[in-house]
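Asks:
Chains as they are written, first to last, in this note's numbering: chain A, 1 to 112; chain U, 113 to 228.
Structure representation (structure tokens):
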């Protein structure tokens with residue numbers, strides 16, 4: 001599985017934007033970039049995914065570098081409920097990689 | 113619409129015992145995966161079940177086994193428990209296979225197992 005690298009932890013203030021980086025220099029052309037997050041005492045939850053173009057949804061935005069070797073998850077206005085561990089994961093195409101390979105993720109702390 | 117449910121929420125066992133954990137997938141989902149999450153680590157893939165068969169397996173010993181029932185629910189069995197099996201066990205389900213390779217997995221809250 002292609003590997004991702006994330007900072008161990010980041011800190012933000014409430015209502016400020018947060019940019020969570022992820023490096024994936026060995027990404028293949030067919031790998032999708034997925035982000036999940038895990039709130040305290042809960043299972044992981046899907047946040048967003050993309051292939052080449054930037055993506056937006058109600059939770060966050062995903063900015064993907066032109067060479068696809070890095071990406072950034074953007075939380076536009078952090079709230080206390082966004083405090084969680086954020087995982088950046090590469091997913092292969094249908095039929096090649098059903099499992100999710102988690103790293104240690106980035107622990108995001110949001111200060112009031 | 114109920115999400116993924118798991119039972120029990122917590123469990124305490126002693127070394128050498130056997131344990132069975134249960135998972136009901138989200139409505140409309142047919143594929144179930146199990147993950148083990150040790151304290152301070154990300155979840156590690158154990159195996160995945162689809163059409164009542166194990167389809168993919170992670171790097172876990174044969175002490176870890178599973179089953180999927182016709183209603184898509186699933187069980188994880190662990191025999192001869194070791195202290196190192198203490199972890200949060202997560203179940204995840206997803207929709208039937210679609211094109212695009214972007215299947216989102218939905219996780220349950222997990223079962224916390226403590227082996228003494």
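Every residue, glycine too, gets a C-beta built ideally from N, C-alpha and C.
#1: From the beta carbon of residue 99 of chain A, is the nearest beta carbon of chain U less than 8 Å away?
#2: Chain A beta carbons: is any one of them nearer than 8 Å to that of residue 145 of chain U?
#3: Between which two residues does the beta strand (DSSP E) holding residue 184 of chain U run?
#4: What's the gap between the Cα of residue 59 of chain A and the Cα of residue 39 of chain A?
#5: From what residue to what residue does the beta strand (DSSP E) around residue 143 of chain U run?
#6: For residue 108 of chain A versus residue 47 of chain A, is the C-beta distance shorter than 8 Å?
#7: For chain A, check one thing: does any of its Cβ atoms lie closer than 8 Å to the Cβ of residue 213 of chain U?
#8: Could you name the residues of chain U that residue 44 of chain A contacts, counting a contact when the two beta carbons are closer than 7 Å?
#9: Once DSSP output is grouped into helix, strand and coil, what is the label at residue 224 of chain U?
#10: Since residue 205 of chain U and residue 116 of chain U should fall inside the 8 Å C-beta cutoff, what is the C-beta to C-beta distance between them, to a whole number of angstroms?
#11: In chain order, what residues of the same chain have a beta carbon less than 6 Å from the beta carbon of residue 61 of chain A, not counting five sequence neighbours either side?
#12: Under 7 Å between beta-carbons, which chain U residues line up against residue 103 of chain A? List them in chain order, please.
Replies: Straight from the coordinates:
#1: Yes, its Cβ sits closer than 8 Å to a Cβ of chain U.
#2: It does; some Cβ of chain A falls within 8 Å.
#3: No beta strand (DSSP E) holds residue 184 of chain U; DSSP gives it neither H nor E.
#4: Cα atoms of residue 59 of chain A and residue 39 of chain A: separation of roughly 14 Å, rounded to the nearest angstrom.
#5: 143-149 is the extent of the beta strand (DSSP E) around residue 143 of chain U.
#6: Contact: no.
#7: A caution first: residue 213 of chain U carries a pLDDT of 45, below 50, which makes its placement in the model unreliable, though a value can still be read off. Residue 213 of chain U counts as touching chain A.
#8: Those within 7 Å of residue 44 of chain A in chain U are 155 and 219.
#9: Residue 224 of chain U falls in the strand class under three-state DSSP.
#10: Contact holds; Cβ gap of about 5 Å.
#11: Excluding positions up to five away in sequence, the list reads 74.
#12: At a C-beta separation below 7 Å, residue 103 of chain A has these neighbours in chain U: 154.
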